[in-house]
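Worksheet: one structure, shown below.
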Amino acid sequence: MIFQSADVVRVTGPQQATYAQVCAASVTSVQHKNDPQPSILASRLTRAHVSMSGGTVTELTKQEMDVVSPSDCTIKMPTAGSSLPSQPTLLSQGISDPFSMSSHSSGASEFSLNQDIVPKTLLEHYISMTDPMRAETEDTDLTKHCAYSLPAVALTLGRQNWPVLKDTYETLAGDMHWKVRRTLAFSIHELAVILGEEISQSDLVPVFNGFIRDLDEVRIGVLKHLAHFLRLLRPQNRRDYLPRMDEFLRTDNGHNWRFRLELATQLADIIDLFTPQDCQTFLVPIALALLADRVVHIKHTCYNVVCLLVRQLGCEGEKKYIEALSVQLREKFAQSNTWSQRQCYAFLSGHLVAERSLPLEDWCCLFLPDLLSLASDRVPNVRIAVAKMLATHIACLDYYQNPENDAAARVQETLEVLQHDKDRDVGHFACYPVSTELLIPQEPSL
Numbered sequence: 030m031i032f033q034s035a036d037v038v039r040v041t042g043p044q045q046a047t048y049a050q051v052c053a054a055s056v057t058s059v060q061h062k063n064d065p066q067p068s069i070l071a072s073r074l075t076r077a078h079v080s081m082s083g084g085t086v087t088e089l090t091k092q093e094m095d096v097v098s099p100s101d102c103t104i105k106m107p108t109a110g111s112s113l114p115s116q117p118t119l120l121s122q123g124i125s126d127p128f129s130m131s132s133h134s135s136g137a138s139e140f141s142l143n144q145d146i147v148p149k150t151l152l153e154h155y156i157s158m159t160d161p162m163r164a165e166t167e168d169t170d171l172t173k174h175c176a177y178s179l180p181a182v183a184l185t186l187g188r189q190n191w192p193v194l195k196d197t198y199e200t201l202a203g204d205m206h207w208k209v210r211r212t213l214a215f216s217i218h219e220l221a222v223i224l225g226e227e228i229s230q231s232d233l234v235p236v237f238n239g240f241i242r243d244l245d246e247v248r249i250g251v252l253k254h255l256a257h258f259l260r261l262l263r264p265q266n267r268r269d270y271l272p273r274m275d276e277f278l279r280t281d282n283g284h285n286w287r288f289r290l291e292l293a294t295q296l297a298d299i300i301d302l303f304t305p306q307d308c309q310t311f312l313v314p315i316a317l318a319l320l321a322d323r324v325v326h327i328k329h330t331c332y333n334v335v336c337l338l339v340r341q342l343g344c345e346g347e348k349k350y351i352e353a354l355s356v357q358l359r360e361k362f363a364q365s366n367t368w369s370q371r372q373c374y375a376f377l378s379g380h381l382v383a384e385r386s387l388p389l390e391d392w393c394c395l396f397l398p399d400l401l402s403l404a405s406d407r408v409p410n411v412r413i414a415v416a417k418m419l420a421t422h423i424a425c426l427d428y429y430q431n432p433e434n435d436a437a438a439r440v441q442e443t444l445e446v447l448q449h450d451k452d453r454d455v456g457h458f459a460c461y462p463v464s465t466e467l468l469i470p471q472e473p474s475l
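Numbering (the numbering used here), first residue to last: 30 to 475.
Listed below in structure tokens is the structure:
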């Protein structure tokens with residue numbers, strides 16, 4: 030229950046000046062069913078002294094002060110000559126606000142008494158920004174501002190004082206407005222750096238898991254910094270997210286291609302965090318799904334992802350994982366009925382050589398036969414892709430200029446056939462290597 034009372038006194042002097050003194054008091058209280066007396070949570074006195082002359086305000090003096098502690102049951106309005114009592118500290122009282130989604134536990138309150146980094150009144154004001162009543166009466170974006178500032182507040186207090194902010198963070202993470210949760214999602218990796226591995230595992234990982242299942246507007250925040258967050262976790266905890274990675278392939282809006290592009294970008298940054306077996310089991314299916322995406326820029330980004338995957342799959346000297354991946358690429362792309370998928374295989378084969386993802390001998394055995402077979406594809410765009418890759422990345426290498434090398438002979442024969450292709454563009458690209466800068470996709474402008 031909130032009530033206000035105001036007394037206005039107007040005095041008119043001989044100088045025709047007007048003075049007004051306004052006193053307003055507000056009290057917030059709650060009364061339980063079995064309690065005959067209401068419990069006062071907080072009270073505030075606002076007193077203003079206004080001087081006016083000729084309809085113009087010449088002086089305005091305002092005082093605002095808490096005058097009743099939670100233990101009082103009555104409001105004490107101070108007189109003009111009495112001194113105002115000191116402002117009570119709500120955190121030190123361990124108040125639980127029944128109207129807000131957050132509660133300040135006594136443990137966190139007692140802990141806050143031991144820190145002298147931030148004034149208690151200022152910290153109390155910040156924590157109260159999660160009160161939904163304040164958001165309705167003062168500023169609807171109040172909780173969003175609170176969420177935006179939370180990493181800075183946590184950095185100022187230090188990880189030893191995190192219990193003071195823990196309840197506030199959990200309240201913001203469960204806020205009904207998605208913009209508040211989105212703000213936290215974009216900064217959770219920074220908060221993990223501040224709090225360290227142990228606190229992040231216990232307090233941030235549950236919030237992170239909730240954001241993964243949230244709206245796309247919130248999920249993009251955790252996805253954009255997925256690699257940063259995973260690197261801060263222990264290896265055993267990091268691996269728990271592998272079975273959930275494919276959840277990012279499902280979006281609320283299928284036209285949201287930038288979400289999939291960000292997923293491809295993050296895949297490239299997390300590959301080195303996992304073993305070849307884990308990469309083969311969990312990351313390869315996601316990479317192949319993105320490689321088959323209808324958006325060209327996602328395909329180009331996945332060329333680098335697959336190159337990094339091949340390198341990681343063979344980092345322990347085992348060829349079986351690379352051989353399994355080459356079979357999947359052959360069946361899904363080189364032998365596809367869709368010409369764009371066959372074109373994709375040609376471009377990918379050239380990038381594997383350019384990035385030195387595997388030894389040339391292994392590449393010749395696993396990828397070169399299918400690439401050369403595409404030189405006779407019925408679609409000119411596929412033959413153009415083969416001509417570009419052979420002339421730009423493959424034929425120029427010393428390995429393929431050795432006449433005693435069987436692979437070199439096959440490459441040169443295929444290039445000669447493409448140079449005399451009936452399509453002029455195919456013949457042009459087979460004769461003149463393309464600058465590698467032209468093979469790099471440009472950033473989309475939309």
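Glycine included, each C-beta is placed from N, C-alpha and C at the ideal position.
Task: Presumed contact (8 Å Cβ cut-off) between Ala321 and Leu296, rounded CB distance - done: About 14 Å; that fails the 8 Å criterion.
TODO: Answer with yes or no whether the minimum CB distance from Pro398 to chain B is below 8 Å.
DONE: Here there is only one protein chain, and chain B is not present.
Open item on the list: Need the endpoints of the alpha helix (DSSP H) that Glu219 sits in, please.
Closed with: 207 to 228
Task: Reference Ala293, options Tyr155, Asn190, Val335, Phe240, closest by Cα - done: Val335
Task: Distance between Asp170 and Phe258 (C-alpha atoms, nearest Å) - done: 27 Å
Open item on the list: One question on the structure: do Ile249 and Glu276 come within less than 8 Å of each other, judged by their Cβ atoms?
Closed with: no
- [ ] Check Ser16 in the structure and name its three-state DSSP category.
- [x] For residue 16 there is no data in the structure shown, the boundaries of the chain being 30 and 475.
Open item on the list: Let me make sure I understand the geometry here. Which of Ser178, Val234, Leu186 has the alpha-carbon closest to that of Val209?
Closed with: Ser178
Task: Cβ distance (whole Å) where Gln372 is taken to contact Asn410 below 8 Å - done: 6 Å
Task: Where Ile146 falls: helix, strand or coil (DSSP) - done: coil
Open item on the list: Taking the beta carbon of Phe458 as the centre, do at least 16 other beta carbons fall within 10 Å, making it buried, or is it exposed?
Closed with: buried
Open item on the list: Using the Cβ count rule (16 or more neighbours within 10 Å means buried), how would you classify Asn366?
Closed with: exposed
Open item on the list: Suppose you measure from the CA of Glu347 to the CA of Tyr374; what does that come to, to the nearest Å?
Closed with: 23 Å
Task: Cβ-based neighbour list, Leu342, same chain, cut-off 7 Å, excluding 5 preceding and 5 following - done: Pro305, Cys308, Gln309, Tyr350, Ile351, Leu354
Open item on the list: Closer than 8 Å is the cut-off here; do at least three beta carbon pairs connect the region 375 to 386 with the region 395 to 414?
Closed with: yes
Task: Collapsed DSSP secondary structure at Phe396 in the structure displayed - done: coil
Open item on the list: If distances are taken between C-alpha atoms only, which option among His206, Ile241, Leu224, Asp301 comes closest to Val193?
Closed with: Leu224
Open item on the list: I need the straight-line Cα distance from Asp245 to Leu213, nearest angstrom please.
Closed with: 14 Å
Task: Best match in Gln189, Asp281, Gly283, Lys253 for proximity to Ile299 [C-alpha to C-alpha] - done: Lys253
Task: CA-to-CA distance, Gly456 to Ser386, given in whole angstroms - done: 28 Å
Task: Val325 - containing alpha helix (DSSP H), residue span - done: 325 to 342
Task: Cβ-based neighbour list, Pro420, same chain, cut-off 8 Å, excluding 5 preceding and 5 following - done: First, the amino acid is wrong: residue 420 is Ala here, not Pro. Answer for Ala420: Leu444, Phe458, Ala459, Cys460, Tyr461, Pro462, Val463, listed in chain order.
Task: Straight-line gap, Gly283 to Arg289 (C-alpha atoms, nearest Å) - done: 10 Å
Task: Pro398 versus Pro264 - alpha carbon distance - done: 39 Å
Task: Proximity to Arg407 [Cα-Cα], best of Asp452, Gln430, Leu233 - done: Asp452
Task: Same chain, Cβ closer than 7 Å to Ala318, neighbours up to 5 away in sequence not counted - done: Leu278
Open item on the list: Helix, strand or coil for Gly187? Go by DSSP, reduced to three states.
Closed with: coil
Open item on the list: By the three-class DSSP mapping on this structure, what secondary structure does Gly283 have?
Closed with: coil
Open item on the list: Using only the alpha-carbon positions, how far apart do Asn431 and Gln357 sit?
Closed with: 31 Å
Task: Residue from Met418, Arg439, Thr172 whose Cα sits closest to the Cα of Pro161 - done: Thr172
- [ ] Compute the distance between the beta-carbons of Val446 and Ala424, then report whether it is under 8 Å.
- [x] no
Open item on the list: Rounded to the nearest angstrom, what separates Leu220 and Gln189 at their Cα positions?
Closed with: 13 Å
Open item on the list: Beta-carbon within less than 6 Å of Glu384's beta-carbon, same chain only, minus the 5 sequence neighbours each way: which residues are those?
Closed with: Cys336
Task: Counted within 10 angstroms of its Cβ, other Cβ atoms place Leu151 as buried (16 or more) or exposed - done: exposed
TODO: Would you kindly work out how many angstroms separate the C-alpha atoms of Tyr198 and Ala176, rounded to a whole number?
DONE: 8 Å
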